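Only one structure is covered here, and it is reproduced in the block below.
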Amino acid sequence: MRRPAGHRDERGLAVVASTALLGVLVTVTLAAVGVGSVVLGHRAAQAAADLASLAGATAVQDGRDACGAARQVARRNHARVVRCRVEGFVVSVETAARTGRLPGGALELRARARAGPVGQLP
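Start counting the sequence shown at 170; every next residue gets the next number (my numbering).
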């Protein structure tokens with residue numbers, strides 16, 4: 170049986186369409202994994218900053234090295250202290266934490282926190 174003139178052959182179209190759909194699915198999945206990794210990395214950096222500033226504020230009230238205590242707590246939370254400043258009894262800390270594996274490499278995410286006695290924070 171002959172096809173009418175001008176009628177296209179559609180054989181193989183399902184393979185092309187399913188391959189394109191698979192490519193879109195892989196791209197969306199990789200993007201979701203990347204965004205999730207960045208969100209989790211930032212939360213880890215923020216948690217480390219919060220805990221480090223609290224440890225520093227406690228240490229300064231006890232007469233100990235505030236930034237040393239902050240660094241120790243940040244390290245235990247898989248982060249590092251980028252900046253630590255003590256003003257009276259208020260401790261300001263900036264931490265950095267690396268994300269997990271991402272396509273294209275890991276990122277370093279930063280977060281800041283301040284801690285001190287009530288009434289001394291702005």
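Quick reminder that beta carbons are idealized off the backbone N, C-alpha and C, glycines included. For clarity, every value in this text was computed on a predicted model and none was experimentally measured.
Spatial neighbours of A243 in its own chain (CB-CB distance under 8 Å, excluding positions within 5 residues in sequence) are listed in chain order as A217, A218, L220, A221, R249, V250, V262, T264. The closest CA to that of R283, considering only N246, Q230, L223, A238, is found on L223. V262 carries a strand assignment under DSSP once its states are collapsed to helix, strand and coil. Closest by C-alpha distance to L199, out of R279, G273, V287, G210, is G273. Contact between V260 and A235 holds, since their C-beta atoms are separated by about 5 Å, short of 8 Å. Following the DSSP letters along the chain, one finds V229 inside the alpha helix (DSSP H) bounded by residues 182-230.
Rounded to the nearest angstrom, the gap between the Cα atoms of P286 and A226 is 8 Å. With fewer than 16 other beta carbons inside 10 angstroms of its own, A201 counts as exposed. Assignment of A235 by DSSP, reduced to helix, strand and coil, places it in the helix class. Beta-bridge annotation (DSSP): R249 is paired with A265.
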